[in-house]
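Residue numbers (numbering that gives the first Met the number 0), protein chains in the order written: chain L, 0 to 555; chain S, 0 to 555.
There are 2 protein chains.
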Amino acid sequence: MSAERLIYLALGGAGEIGMNCYVYGYGREEEERLIVVDLGVAFPDMDSSPGVDLIFADIAWLEERRERIEAVFITHAHEDHVGAVGHLWGRLRVPVYARAFTGAIARRKMEDQGHLADEVHIVQPWPEQVNIGPFKVGFAPISHSIPESSGLVIDTPAGRIVHTGDFKRDTDPVVGEPFDPEMWREIAKPGVKALVSDSTNVFSKVAGRSEIVVGPEIEKLVAGASGMVVATTFASNIARLKTLAEAGQAAGRSVVLLGRAMRRMVTEAIETGVLKDFPKTLPPEDAAQIPRENLMLLVTGSQGERRAASAQLARGKYLGLEMKEGDMFLFSSKTIPGNEKGVARIINAFSEMGVDVVDDSSGLYHVSGHANRPDLKAMHELTKPQFLIPMHGEHRHLREHVKLGAETGLTGVLAPNGTMVDLSGNAPRVAGYVDTGRTYLDGSVQVGAMDGIVRDRIRMALNGHLLITVIIDEEDEPLGDPWCEVMGLPELGRSKAPLADVIEEELSQFLGRADDDLLVDDDKLSEALRRLARNTANGEIGKKPETTVVISRLTT
Amino acid sequence: MSAERLIYLALGGAGEIGMNCYVYGYGREEEERLIVVDLGVAFPDMDSSPGVDLIFADIAWLEERRERIEAVFITHAHEDHVGAVGHLWGRLRVPVYARAFTGAIARRKMEDQGHLADEVHIVQPWPEQVNIGPFKVGFAPISHSIPESSGLVIDTPAGRIVHTGDFKRDTDPVVGEPFDPEMWREIAKPGVKALVSDSTNVFSKVAGRSEIVVGPEIEKLVAGASGMVVATTFASNIARLKTLAEAGQAAGRSVVLLGRAMRRMVTEAIETGVLKDFPKTLPPEDAAQIPRENLMLLVTGSQGERRAASAQLARGKYLGLEMKEGDMFLFSSKTIPGNEKGVARIINAFSEMGVDVVDDSSGLYHVSGHANRPDLKAMHELTKPQFLIPMHGEHRHLREHVKLGAETGLTGVLAPNGTMVDLSGNAPRVAGYVDTGRTYLDGSVQVGAMDGIVRDRIRMALNGHLLITVIIDEEDEPLGDPWCEVMGLPELGRSKAPLADVIEEELSQFLGRADDDLLVDDDKLSEALRRLARNTANGEIGKKPETTVVISRLTT
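What follows is the structure, encoded as C-alpha cells:
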C-alpha cells in the first residue's frame, strides 16, 4: 500500500507564456484528490495555428480523472489564466473559486458558453480559506497589472504551498492591493514546502518599478499635447486606465473609452468595487462634438490587433472619430514578442497621417506587471521555501529561475508541462510524465493541435491547392476529360498557358494510356493522377501543390 | 518645351526596411535618362505572404522605360540591396556596376538565374567615377556590416547627390574601409544637392559603437567557456565572423564554419581580397574528432531560420555535431522584428538540452551596422546638403529623419515609395506619383502581390477548404449524390456525424428539390450549392470554409 503524497503537475504555462493550467494532488498514488489552478488561453498566430480562435492546454488527463477533482481556482482575470474556463468547464464540471472581480469575469465566460454563472463561487481574500478535500486554499492579495490578483496559499497535509500567480512587487499599485511583504512573511512562518513562482521577467536584471511612477510622466505628456490624444494599454490594466484617464482630466480633456473590451473591464471593475473615482467618461457618440484638443481617447488594441479600436483608427474613421496631423498616439504598453509587425503597421499608418506616436521605448510610460529578477529573489527570501518550482515561462525562463534560486541555495525543480513532481519527501522527485499538448478552438469545435487539421491548412497556405475530378463510366473507362481547379496558385506557368489547362492535358493523355488495372483501382489511380499533377505543376510553376483527387464512378 | 530636370523616385525601401530600389533621372520630363540604385529583396512571412519565396519591388514602371535606363548600381552585397538582381535583370537588361566583392555576389546571382556574369561590371572606389549618360557615379567607401559598402556620389548637370547606402560611422570596422569624415567633407566641397540617407536607426538616441568594441568581450566570453562554443551572426557580417573566429583561435579552439551561406561568404571575401588573415578553419566532417571543449562553431541562422545550421542543431544532430549540457550558444546578432518567435524556439530548444544561451541583451556581443541618430546628424553636417531625403526605413523612420534634419534647418523631403521628387529647383517639388507595389517570387513564377493568389492561400489557411462535385446527366438531372471533400477542417461537428456526410446530405436534399431552371444554370447552381454548404458547415463547426464547386455535365 502506497503512502499519501503531494504532487504538482503543469498542463500549461510551464514551457510557454500563456494557457496556464496547474494541478496539485494529495492522496495515495493514482487516488490523489486534485485541484486545478487557472484555466487560461494562449493566442494563435499565422505561423503555427492559422484560423484557430483560441488555444487551451490539453486537459485530457484531468478529464479522465474528473471524479477526483475538487475544484478550479482562478488567480486573476487575465485571459491566459481565466480565458478557457467557459470552454473547458463542461469537460470537468467542478466548482470554480475566485475573488469578486475575477469571478465576475469568469461568470461572464461561463454564461457565454451556456453554463451557469453560479458555478463560480466568490471567495474573500486571505486569511479566509476554502476547505475542500485535503486542501485549504486561500487567496492572498498580490500586486500585478490587473486588480485582485492573488497568490494562492495551498495547505495540504504534506505542507503549505505558495503559488504566486502572476505578480510584481509593487507597494503602490494605484488600483488594488499593494504587495505586502509582512503578509507574505506571516504566511511563510509555518514553513513553505514549495514556492511555485512566476518566471516571466527572470531575465530583467533591475528591480521592477511601481505603477505609481508612470502617472506624473503621462500627465506631463498629455499636458503638453496640442491635438487629440489617444492612448492604448491592455483593457484589463485598470490601474493604467485610471492613470491615463486622470491625466486626460487634469489636462481638461473629456475622456472616451473606445473598444468593447475596455468598456466592459471598467464596468466590471466599478461594479465589483475594485475601481473607485474613475473620471467621468463621455460616450463615443458624443465625442465628435468636442474640439479635438479637448479629447482623450483610451482605446483597445495595444498589440496591434486588427479588429481593435487602435487598428480601426489607423485605417480611418472609427465611430465618427478620426486621427489627424498633430494628434498624439501613446502606447502605454509593451509589445508582446510576435506582435511587433502588427504594432509597426499601426505606427506607420499613423505616421502617414502625421500623428506623433509615443511608445514605451523611453521607459517612461509603461511598467511591467511581472516581478523582475531581484523581485523574484526577494520573494524567495520572504517565503523561504523548501523547494522552488518556476512556472509561467518558456523553458529558458524556468531554467534561469532555477539557476537564480540556486544562487541562494534553493532546491529548484525544473518541471515543464507534463512533468509530475512528488513534493512529499525531503527532496522533490519526478513521479512521472503525463502527455500534454494543445487544444485548438477552431470555430465552435475543439480539435487537437496534432490532429492534422491545422497542418493541412498550413500546407495549403504554403503550396496552394489543386483539385482534380475524373469521371469513370460503367465500363471503367474515363468519361470526358479530367477537370482541374487551382486555388492559390499562379494562373500561368513556364509554358505561358493556363496552369489548369496544362495539367488537364497531361492527365488526359495519361488516362488515355492507362491500363485497365489502374482504371478499376481508385487508390492507385488517385495516387497516379496526384503524382502526375504535382510534377506537372512543379515543372510549370516550381511548386508542388496540395492535391485532392475526386474520382466519380458511374454505376449501372 | 520643358526644361531638364533631376528626379528621385523610390520603388522600394522608402516605406519598409527591405527590397531597396531607387531611381534617379535627368533630362526633359518623360525623357529623363535613368539609373537604378540597388535591386534588393524583402522576405516573406506567414502573416502576409505564406509560401512566397522572395519579395521584390514592383519594377513595372522601370520596365516600361527600359530603353531610358543607363545602368544599375549596387551599393553593397546585402540581400535587401542585391538579392533581386538575378531575378529582375531579365526585365531590364542593362549593365550592372558594383565593386569587387559586391560584384562577385551579384555575378553569382546572375548566373543562378541563367544570365551572364559579365553583365556585372567591377568598378574601383572613389575618386574613380563611372561616366554614363548625364551621370557620373562614384562608389565612396563607407562603413557598414559587410565589406565594401559604398555610398554613391552621383554627379548630374543639376548637382551632386550623395546616396549613402546603408552605413554606420565606424572608424575601426575590423574588416574593410573605415568611415572617413575627411573624404566626405571633400566630396561635399563642391556642394551637395541632396543627401539621400539611411534612416534605419533614427530612433536610436546614442551614437553607434564601433565593430572593434565587441572583440575583447567576445574573446573574454569564449575564453571562459568550458564546453563547445557555437556562435551565430549574419553570414555576410565578415568582420564579426573574423572577430568570432579569432576569439576561438585565441582560446585554443578549432574553428568550424557551418552553413552554406557562411562558407560561401567567407570564400568570396577571401577571393576578392576584402578578408585577410582569417583563422584557419576545420572542415565540419573533421570536427567530430576534436574534443568539444576545443571547438568553436560559427553557424548560420541568427534569425531562427528553420533550415539554417542553428535550427538544425536545436533539433538534434547536424553533420555529426550535437549540442550538449554545458555548451554555449552565442547570438552575436540582433533579432529582426518579426523573427522573435523563431529565435525563442531555438533558445528554448537549447535550454532543454542544458545549453547556455547568450544573446545581445547585454549589448556586449553585438553592434548595429546602421548609423544612429547622432551619426545621421553628423553625416548631415559633413555633407551639408541642400535637401535631405530619408530612405531605407518604414514611414515612421523617414518621418522622424525629416524631423531630425529640421532640427538643424535642413529641408527634408518625405518621399515614400512612388513619390517622384523633382530636385532641380531651389526647393524640392513633388513631380508625381508612380504606382508601386510588391512582386512575389512564388516557386519559379513572379506574381503581383495584389493578384489574389496569396490572398486565396491565406483564406484557405484561415477557413479551410471544401470541395463539392456534382454530376448532372444528359437530361439535366443530378446523377448520383453530390460528393464533398474537406481539407483543413474538423472531421466532426455539432451533430457528431462526419462534416462531409452532413454537407452531402444537405446538398443531396437540395438537389432533389431543385427546379429545372437552377439545374441548367452552372453559375446559379454553383452559387446555391456553395452558399448551402458554407452555411451547413457554419452550423456544424462554426466556420465558413472556402468552397469550390465542380459541376460535371454529361453530354450526349
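Backbone N, C-alpha and C fix where the C-beta goes; we use that ideal spot for every residue, glycine too.
No experiment lies behind these values; they were computed from the predicted model shown.
Check	Outcome
Which of helix, strand or coil DSSP assigns to ASP455 of chain L	helix
C-beta neighbour in chain S for GLU216 of chain L, strict 9 angstroms	no
Backbone CA spacing between SER48 of chain S and GLU339 of chain L [nearest angstrom]	16 angstroms
Cutoff 9 angstroms: MET459 of chain S Cβ touching any chain L Cβ	yes
Pairwise C-alpha distance: ASN534 of chain S and ALA496 of chain S	16 angstroms
Chain L within 9 angstroms of GLY463 of chain S, Cβ atoms only	yes
Distance between GLU110 of chain L and TYR7 of chain L (C-alpha atoms, nearest Å)	30 angstroms
Closer than 9 angstroms to chain S by CB, ALA238 of chain L	no
When S:VAL93, S:LEU91 and S:ALA116 are compared against ALA103 of chain S, the one with the closest alpha-carbon	S:ALA116
Where MET261 of chain S falls: helix, strand or coil (DSSP)	helix
The region 193-211 of chain L in contact with the region 151-168 of chain L per 3-pair CB rule at 8 angstroms	yes
Neighbourhood of ARG458 of chain L by C-beta distance below 6 angstroms, restricted to the same chain and skipping five residues each side	GLU545
Chain C within 9 angstroms of ASP46 of chain L, Cβ atoms only	No chain C is present in this structure, whose protein chains are L and S.
Residue closest to HIS114 of chain L, alpha-carbon to alpha-carbon, out of L:VAL229, L:ASN130, L:PRO140 and L:LEU87	L:LEU87
Cβ contact (3+ pairs, closer than 8 angstroms) linking the region 247-256 of chain S and the region 370-386 of chain S	no
C-alpha gap between GLY541 of chain S and VAL453 of chain L, whole angstroms	15 angstroms
Length of the line joining the Cα atoms of GLY251 of chain S and GLY223 of chain S	12 angstroms
Selection from S:PRO180, S:LYS323, S:HIS143 and S:GLY226 that minimises the alpha carbon distance to PHE166 of chain S	S:HIS143
For TRP482 of chain L, the three-state DSSP class (helix, strand or coil)	strand
Paired residues, beta bridge with HIS120 of chain S - DSSP	S:TYR96
DSSP three-state assignment for ILE145 of chain L, whether helix, strand or coil	coil
Cβ-Cβ distance between VAL342 of chain L and SER350 of chain L below 9 angstroms	no
Any chain S beta carbon closer than 9 angstroms to GLY346 of chain L	For the sequence presented, residue 346 of chain L should be read as Ile rather than Gly. So, interface residue.
Reference VAL201 of chain S, options S:LEU491, S:ILE502 and S:ASP374, closest by Cα	S:ASP374
Where the region 194-211 of chain L meets chain S: residues whose CB sits under 8 angstroms from a CB there	PHE202
The region 27-42 of chain S in contact with the region 22-38 of chain L per 3-pair CB rule at 8 angstroms	no
Those runs of the alpha helix (DSSP H) which lie wholly inside the region 399-474 of chain S and span at least 4 residues	452-462
Euclidean distance between Cα positions of VAL412 of chain L and VAL401 of chain L	7 angstroms
Within chain S, the residues that GLU339 of chain L reaches when beta carbons sit closer than 8 angstroms	PRO336, GLY337 and GLU339
Per-residue burial, ASP455 of chain S [other beta carbons within 10 Å of its own, 16 or more giving buried]	buried
Where SER225 of chain S falls, given that 16 or more other Cβ within 10 Å makes a residue buried	exposed
Any C-beta of chain S under 9 angstroms from that of MET0 of chain L	Because MET0 of chain L carries a pLDDT of 47, less than 50, the predicted location of this residue cannot be relied on, and the following value inherits that uncertainty. No, because no Cβ of chain S sits closer than 9 angstroms to the Cβ of MET0 of chain L.
Delimiting residues of the beta strand (DSSP E) encompassing LYS192 of chain S	191-197
Contacts of ARG456 of chain S in chain L (Cβ-Cβ under 9 angstroms)	MET459, ALA460, LEU461, ASN462, GLY463, HIS464, MET486, GLY487 and LEU488
Segments of 3+ residues assigned as beta strand (DSSP E) that fall wholly inside the region 128-190 of chain S	129-131, 134-140, 149-155 and 158-162
Rounded distance between the beta-carbons of LYS523 of chain L and ARG531 of chain L, thought under 8 angstroms	Inspection of the sequence shows that residue 531 of chain L is occupied by Leu rather than by Arg. Not a contact, Cβ separation roughly 13 angstroms.
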